[in-house]
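Down below is the structure, laid out as C-alpha cells.
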Ligand SMILES: [Fe+2]
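What follows is the structure, given as C-alpha cells:
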C-alpha cells in the first residue's frame, strides 16, 4: 500500500507551523509540528518523517547544534533537512552543518513545496522520473531571482509612498516619524488581532498614508496652534474622506488600506467620523489603527503639548476599551504591549 509522505516542522512560530501544515496537507502530506526540541524528539521517537523543516532560530537551543545532532543520530541522519531562518548567514551555517536546503523567511507556499518535494523524492520516496530530478541549487537560484524582483518592485513602491507620507508630515507636525511609528505599531497589533489582514498589501500603505487627506486642509486650520472652532474642526475632519477619495484610483491601495484611511477616526461607540459607524461595521484595520494612532498621539512630542509617559497612554487605551476602541483590539494591545513598547524605545533611540 502506498505510504503517505510525512513532514516534520520544528518552529516555535505557531502561525508559521499552521501555514506550513496547510500547504503540505493540500499536497497530500501528513504533517507533524513541534514548537520546541523536546516535542520534536517525541515526534521522532514515534514516526520517521520524509523531511524535516527546522527553524534555526529556536529559542533556548542553538539551532545549528541541534541540526548537527540530527545529522549524527542514526535514526535521523538520512532524513533531508530544510533549514528555515530569516538570516542568510544562518542559512549558510545550516548548509555547512548538513542541511540539504535553506529556505529564507518569509517564503511562499510555492517555494516551500518546490523545494521540499524533490528532496522527499530523492530520499527514496516515490519513483523518480527524469522530469522529477530538480537540482536544488538551481531551484534556489530561480526562487532567489523571483524574490529579488518582487522585492525591488515592492521597495520602489514603498519608497514612493514613504516620501509622500513624509512630505505630508513635514507640513503638519514637522516630523516624518509619526507615520513610520504608527505603521510599525499597527502592523504588530494586526499580527496579534487579525494576522490574516496582513495578506492584503494595501493595509500597510493605508497605515502609512492614513492622513493623506490633510493635503487638502488649509494651513490656517492644519497649523493653527490654538483650539479649532466648530467649523474649523469639521473642515479638519474632512481629511478622512478626502484621503480615501484621493487614493480611490490607486488599485494597490483600494482595499483594506483605503478603508483605514476613511475610517481611522471612527469610534466603537459610534461617536466618531466621517460616517459615525459603530462596533463591527467599522473596518477591522481602522479599529486596529485607531488604537495605535491615539497611542502615538499621546506619547509623541507635539508643538502644542508635552508627551505623556507610555504607562499613562496605555492606561488611557485601557480606559477607552468599549467606548472609543474595540474591546478585542484593546485586549490584543495588552497581549503585545511589551513588543509595542520595544518598538517605541527603538524609535526613540533612532
Ligand atoms: Fe487622521
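In my numbering, the protein residues as written are 1 to 350. Note that CB positions come from ideal geometry on N, CA and C, so glycine has one too. Small disclaimer: the values here were computed from a predicted structure and weren't measured.
Inset, instruction - Pick helix, strand or coil for residue 30, following the three-state DSSP scheme. - result: Secondary structure of residue 30 (DSSP, three-state): strand.
Legend entry - Backbone secondary structure at residue 10 - three-state DSSP: Residue 10 falls in the strand class under three-state DSSP.
Legend entry - For residue 96 and residue 83, believed in contact at Cβ under 8 Å, the rounded distance: That pair is no contact at about 10 Å.
Inset, instruction - Please indicate yes or no: does the CB of residue 300 lie closer than 6 Å to some heavy atom of ligand 1? - result: The nearest non-hydrogen atom of ligand 1 is 6 Å or more from the C-beta of residue 300.
Inset, instruction - With a cut-off of 8 Å on the beta carbons, I'd call residue 208 and residue 165 a contact; round off their distance for me. - result: Under the criterion of beta carbons closer than 8 Å, residue 208 and residue 165 qualify as touching, at roughly 5 Å.
Inset, instruction - Over the uninterrupted beta strand (DSSP E) stretch that includes residue 350, give me the two end residues. - result: For residue 350, there is no enclosing beta strand (DSSP E), as DSSP gives it neither H nor E.
Inset, instruction - Compare the C-alpha of residue 39 against each of 69, 8 and 26 and name the closest. - result: When each option's Cα is compared against that of residue 39, the closest is 8.
Inset, instruction - Measure the beta-carbon distance from residue 247 to residue 212 and round it to whole angstroms, keeping in mind my assumption that it falls under 8 Å. - result: Cβ atoms of residue 247 and residue 212 come within 8 Å of each other, at about 7 Å.
Inset, instruction - Taking residue 318 as part of the alpha helix (DSSP H), name the residues at either end of that continuous run. - result: For residue 318, the enclosing alpha helix (DSSP H) stretches over residues 310-319.
Inset, instruction - Kindly examine ligand 1 and report whether one of its heavy atoms sits closer than 6 Å to the Cβ of residue 211. - result: Yes, the beta carbon of residue 211 sits closer than 6 Å to at least one heavy atom of ligand 1.
Inset, instruction - Give the straight-line distance between the Cα atoms of residue 306 and residue 94, rounded to the nearest whole angstrom. - result: If I take the Cα positions, the gap works out to 49 Å.
Legend entry - Alpha-carbon to alpha-carbon, residue 268 and residue 322: For residue 322 and residue 268, the distance between alpha carbons rounds to 6 Å.
Inset, instruction - Ignoring anything shorter than 3 residues or poking outside the region 155-239, list the beta strand (DSSP E) runs there in chain order. - result: Fully enclosed beta strand (DSSP E) runs of no fewer than 3 residues are not present anywhere in the region 155-239.
Legend entry - Exposure of residue 249, with buried meaning 16 or more beta-carbon neighbours within 10 Å: Exposed.
Inset, instruction - Between the Cα of residue 331 and those of 346, 314 and 104, spot the shortest distance and give me the residue it belongs to. - result: Checking every option, the nearest Cα to that of residue 331 belongs to 314.
Inset, instruction - Answer yes if the region 286-297 comes into contact with the region 220-234, meaning at least three C-beta pairs across the two stretches below 8 Å, and no otherwise. - result: Verdict: no, contact absent.
Inset, instruction - Measure the alpha-carbon distance for residue 20 versus residue 215 and round it to whole angstroms. - result: If you take the alpha carbons of residue 20 and residue 215, they lie about 43 Å apart.
Inset, instruction - Using beta-carbon positions only, say whether residue 185 and residue 292 come within less than 7 Å of one another. - result: Pairing residue 185 with residue 292 gives a Cβ-Cβ distance under 7 Å.
Inset, instruction - Inspect the beta-carbon positions of residue 266 and residue 272 and report whether they are closer than 7 Å. - result: Yes, Cβ-Cβ distance for residue 266 and residue 272 is below 7 Å.
Legend entry - Beta-carbon spacing of residue 59, residue 11 below 7 Å: Judged by their CB atoms, residue 59 and residue 11 are not nearer to each other than the 7 Å cut-off.
Legend entry - Cβ neighbour criterion (16 or more within 10 Å) applied to residue 206: Counting every other CB atom within 10 Å of its CB across the protein chains shown gives residue 206 a total of 16 or more, marking it as buried.
Inset, instruction - Provide the residue span of the beta strand (DSSP E) that contains residue 84, from first to last. - result: 81-85 is the extent of the beta strand (DSSP E) around residue 84.
Legend entry - Selected residue, minimal CA-CA separation from residue 180, among 100, 159 and 255: Out of 100, 159 and 255, 159 has the C-alpha closest to the C-alpha of residue 180.
Legend entry - Selection from 107, 16 and 48 that minimises the alpha carbon distance to residue 30: Minimum Cα distance to residue 30 is reached at 48.
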